[in-house]
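Enquirer:
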Amino acid sequence: MNIYDLTIHELKDKIAAGEMTPAEIKKAFADRINDVEDRVKSYITVTDELAENGLADYENKKDGLLAGIPIAVKDNMSTDGIKTSCASKMLKNYKPPYDATAVKKLNEAGAVIMGKTNMDEFAMGSSTENSAFFNTHNPWNLDRAPGGSSGGSAAAVAAGECAAALGSDTGGSIRQPASYCGVVGLKPTYGMVSRYGLVAFASSLDQIGPITKDVEDSAILMNVIAGHDPKDSTSIEGKKEDYTEYLKEDVSGMKIGIPEEYFNLDFDKDVKESVLSAVEKLKEAGAEVETVHMTDASYALAAYYVIAPAEASSNLARYDGVRYGLRSEHAADISEMFTNTRHEGFGDEVKRRIMIGTYALSSGYYDAYYLKAQKVRTLIKDDFDRIFNDFDLIITPTAPTTAIELGSNSDPLEMYYTDIFTVPINIAGVPAMSVPCGFDSKEMPIGLQLIGPHFGEGKIIQAAYTLEKLLDISNKRAEL
Amino acid sequence: MIDKKDVEYAAGLAQLKLDEEEKEKYTEQIGEILDYVDKLSELDTDDVVPTAYTVPMKNVLRKDEVQESLPREKSLANAPDKKDGQFRAPKIMSD
Chain A
1 MNIYDLTIHE
11 LKDKIAAGEM
21 TPAEIKKAFA
31 DRINDVEDRV
41 KSYITVTDEL
51 AENGLADYEN
61 KKDGLLAGIP
71 IAVKDNMSTD
81 GIKTSCASKM
91 LKNYKPPYDA
101 TAVKKLNEAG
111 AVIMGKTNMD
121 EFAMGSSTEN
131 SAFFNTHNPW
141 NLDRAPGGSS
151 GGSAAAVAAG
161 ECAAALGSDT
171 GGSIRQPASY
181 CGVVGLKPTY
191 GMVSRYGLVA
201 FASSLDQIGP
211 ITKDVEDSAI
221 LMNVIAGHDP
231 KDSTSIEGKK
241 EDYTEYLKED
251 VSGMKIGIPE
261 EYFNLDFDKD
271 VKESVLSAVE
281 KLKEAGAEVE
291 TVHMTDASYA
301 LAAYYVIAPA
311 EASSNLARYD
321 GVRYGLRSEH
331 AADISEMFTN
341 TRHEGFGDEV
351 KRRIMIGTYA
361 LSSGYYDAYY
371 LKAQKVRTLI
381 KDDFDRIFND
391 FDLIITPTAP
401 TTAIELGSNS
411 DPLEMYYTDI
421 FTVPINIAGV
431 PAMSVPCGFD
441 SKEMPIGLQL
451 IGPHFGEGKI
461 IQAAYTLEKL
471 LDISNKRAEL
Chain B
1 MIDKKDVEYA
11 AGLAQLKLDE
21 EEKEKYTEQI
31 GEILDYVDKL
41 SELDTDDVVP
51 TAYTVPMKNV
61 LRKDEVQESL
71 PREKSLANAP
81 DKKDGQFRAP
91 KIMSD
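Residue numbers (the UniProt record's numbering), protein chains in the order written: chain A, 1 to 480; chain B, 1 to 95.
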């Protein structure tokens, strides 16, 4: 195996055994970026200087959990003095004056930050095709999309352009690209990871999480980034867990619910068979599997397409051309400057969502749309709580299909449907992980979604780790 | 059902400028999305309390003490236009 194929824990072992130096590792990943980046296009910015600084600081941080490990960061997380564009023309020259807390924690743990990854503009999208700059290509098939919105992060991990990456997930933006790219993606419980310095999309749903080559790496990255932060008033105060404690091959007695309403949805046959066959393996390993009944996921999707745009319309009001970001050069007065700046700076999908949100919050419609969606949110959360009274985990597919062809979908509503399995999880605020569970007839990866109760990351990691050992496919890499 | 006037109204509130073609396109697309959203009305929510945050939240307070903040120069570093240590914007009132 090549150095760039190795996981975080394998690289750590090599460094500990004196078989490799962090400098050799950094060079191997930098060379890999040089080799494949013109085909994959994962990165908006390759941060070689930042990586060199991380490397230079290695001796001071060699006890850190990520000492000398190459990591990529989605381009909506603030990096001090380094361009953070959110894949938008609005922020194409923006250099934040501070680090996001998650980035700060990576640095403190000794990570070597390789670059900032491509994404759908302001994280709005499911294929990374809404990037204002360029498309990212799926490493398993370059004609396919990497998923989104954290498509650059998932593709970079799958292509060996970093050992692991951070993504953000508002309605599936970590899990769906992880599924499309055959890697592991975890959306933690809402509030588990500080959002300080994460450019806001929908504040009650946004969450940062790890995208990794295997489950063990996910646990290691969670140990680094999880925890309360006084700078994010919605981050959870609580005891810090060691997620690597859950890396046990044991699901005996674990109760897993299979929601019939989710499996009755119209989705790809290969995906369904692969997920159900993985569930069967967990059953053979001792898990108790039962069919459960839940509210149809389409209600969660409908609520999401009110709540997320409403919060986005409010959050994105800050882009007015005054303090940072783009300012239109064509304006006689301030009002024209506002509208022209937003006209020139925002892409199609962002404008569409701002308008949906603005309309849903406007006088006379607030009760019918926003308040109604917040009430439905209660029903969906209660629905998950009810299942988790009796079950440890719920399993669904991560996405209805494997990776779609680039340029194949121009209808917004159809694109939204690709998030049908992932959106309810954000609405309920619970954690969920996408784990590779097989390949379809075209050799494209399929992801299975493990959903846990609030703060149930540990059980998710335990079941996912067991499944990964049973399936024995986590060493398979995309050929480029 | 949403019409072009609604789209113009929402765009105005959101400080977005749309050309005719965009107005037509968004009227149709946003109409379809809101039609889909209308399925929420199938659920009875009369006695349901709305949820804003799904995990327990409490008001976060701290002592009113001065803490470290960004120096002015850094805060202004990304400003499209600045003067005398302040953000500079086009004129707000006509001459």
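All C-beta atoms in this analysis are idealised placements derived from N, C-alpha and C, irrespective of residue type, glycine included.
Here the structure is a predicted model, which is why all the values come from computation and not from measurement.
DSSP state of K83/B, grouped into three classes?
Expert: Stepping through the second sequence from its first residue, residue 83/B is reached at position 83. Three-state DSSP puts K83/B in a strand.
Enquirer: How far does the beta strand (DSSP E) with I168/A in it extend, from its first residue to its last?
Expert: Residue mapping note: residue 168/A aligns to position 168 of the first sequence, counting from 1. One point to set straight first is that residue 168/A is Ser, not Ile, in the sequence displayed. 164–169 is the span of the beta strand (DSSP E), which, as asked, contains S168/A.
Enquirer: Excluding the 5 residues flanking S131/A on each side, which residues of the same chain have their C-beta closer than 7 Å to its C-beta?
Expert: The residue given as residue 131/A occupies position 131 in the first sequence. Cβ within range, chain order: A87, N118, M119, D120, E121.
Enquirer: Going by alpha carbons, who is nearest to S69/B out of C162/A, G452/A, K231/A, T396/A?
Expert: Locating residue 69/B in the second sequence gives position 69, counting from the first residue. If we check each option's Cα against that of S69/B, K231/A comes out closest.
Enquirer: I need the boundaries of the alpha helix (DSSP H) containing A72/A, first residue and last residue.
Expert: In the first sequence, residue 72/A corresponds to position 72, counting from 1. No alpha helix (DSSP H) holds A72/A; the beta strand (DSSP E) holding it covers 70–74.
Enquirer: Could you name the residues of the same chain whose beta carbon sits closer than 7 Å to that of G115/A, not counting the 5 residues immediately before and after it, in chain order?
Expert: By 1-based counting over the first sequence, the position of residue 115/A is 115. So the list reads Y43, T45, V46, T47, A72, once near-sequence residues are dropped.
Enquirer: Answer yes or no: do I394/A and I451/A have a C-beta to C-beta separation smaller than 7 Å?
Expert: The count along the first sequence starts at 1 and reaches residue 394/A at position 394. The count along the first sequence starts at 1 and reaches residue 451/A at position 451. Contact flag set, yes.
Enquirer: Evaluate N264/A with the Cβ neighbour count: other Cβ atoms within 10 Å of its Cβ, from every protein chain shown; 16 or more gives buried, anything less gives exposed.
Expert: Against the first sequence, residue 264/A aligns to sequence position 264. By the 10 Å Cβ count, N264/A comes out exposed.
Enquirer: I'd like to know whether the C-beta of P412/A is nearer than 7 Å to at least one C-beta of chain B.
Expert: Here residue 412/A is taken as the residue at index 412 of the first sequence, counted from 1. It does; some Cβ of chain B falls within 7 Å.
Enquirer: Give me the DSSP bridge partner(s) of A297/A.
Expert: Looking up residue 297/A in the first sequence gives position 297. The partner list for A297/A (beta bridge, DSSP) is empty, contrary to what the question assumes.
Enquirer: I need the DSSP call for V435/A, collapsed to helix, strand or coil.
Expert: Looking up residue 435/A in the first sequence gives position 435. Three-state DSSP puts V435/A in a strand.
Enquirer: At least one CB of chain A closer than 7 Å to the CB of T27/B: is that the case?
Expert: The sequence position of residue 27/B within the second sequence is 27, counting from 1. It does not: the Cβ of T27/B has no partner Cβ on chain A nearer than 7 Å.
Enquirer: What does the alpha-carbon distance come out to for the pair A302/A and I33/B?
Expert: For the purposes of this step, residue 302/A is identified with residue 302 of the first sequence, where counting begins at 1. For the purposes of this step, residue 33/B is identified with residue 33 of the second sequence, where counting begins at 1. Distance between the alpha carbons of A302/A and I33/B is about 9 Å.
Enquirer: Going by DSSP, name the residue or residues bridged to K5/B.
Expert: Locating residue 5/B in the second sequence gives position 5, where the first residue counts as 1. Looking at the DSSP assignment, K5/B forms no beta bridge with any residue, so it has no partner.
Enquirer: Whose Cβ in chain A lies nearer than 8 Å to the Cβ of K91/B?
Expert: As a first step, residue 91/B is located in the second sequence; it is residue number 91 there, counting from the start. Neighbours of K91/B on chain A, chain order: D333, I334.
Enquirer: Report all residues from its chain with a CB closer than 8 Å to the CB of M124/A; omit the five preceding and five following residues, and keep chain order.
Expert: Residue mapping note: residue 124/A aligns to position 124 of the first sequence, counting from 1. If we look at M124/A and ignore the five residues flanking it on each side, its Cβ neighbours are N130, S149, F201, A312, E349, V350, R353.
Enquirer: In chain B, what lies closer than 9 Å to M337/A by C-beta?
Expert: Here residue 337/A corresponds to residue number 337 of the first sequence, with the count starting at 1. What M337/A touches in chain B: A89, P90.
Enquirer: My understanding is that K26/A touches A51/A, with C-beta atoms under 8 Å, so please give their C-beta distance in whole angstroms.
Expert: For the purposes of this step, residue 26/A is identified with residue 26 of the first sequence, where counting begins at 1. For the purposes of this step, residue 51/A is identified with residue 51 of the first sequence, where counting begins at 1. Contact flag correct, Cβ pair sits at about 6 Å.
Enquirer: Strictly under 7 Å for the Cβ-Cβ distance: is V60/B near chain A by that measure?
Expert: Position 60 of the second sequence, counted from the start, is the residue given in the question as residue 60/B. Closer than 7 Å: yes.
Enquirer: I want to verify the contact list: residues of chain A whose CB lies under 8 Å from the CB of D81/B, in sequence order.
Expert: Indexing the second sequence from 1 puts residue 81/B at position 81. Chain A residues near D81/B: R327.
Enquirer: Closest Cβ-Cβ distance between G227/A and chain B: below 7 Å?
Expert: Position 227 of the first sequence, counting from 1, holds the residue named residue 227/A. False, the Cβ-Cβ gap to chain B never drops below 7 Å.
Enquirer: Under DSSP, the alpha helix (DSSP H) around L76/B begins and ends at which residues?
Expert: Along the second sequence, read from residue 1 onward, the residue named residue 76/B stands at position 76. Where L76/B is concerned, the enclosing alpha helix (DSSP H) stretches over 72–76.
Enquirer: Drop a sphere of 10 angstroms on the beta-carbon of N389/A, count the other beta-carbons inside from all chains shown, and report buried for 16 or more, exposed for fewer.
Expert: Along the first sequence, read from residue 1 onward, the residue named residue 389/A stands at position 389. Under this definition N389/A is an exposed residue.
Enquirer: Less than 8 Å between the CB atoms is what I'm expecting for A287/A and I256/A, so what's the real figure, rounded?
Expert: Against the first sequence, residue 287/A aligns to sequence position 287. Against the first sequence, residue 256/A aligns to sequence position 256. That belief holds up - the Cβ atoms of A287/A and I256/A are roughly 5 Å apart, short of 8 Å.
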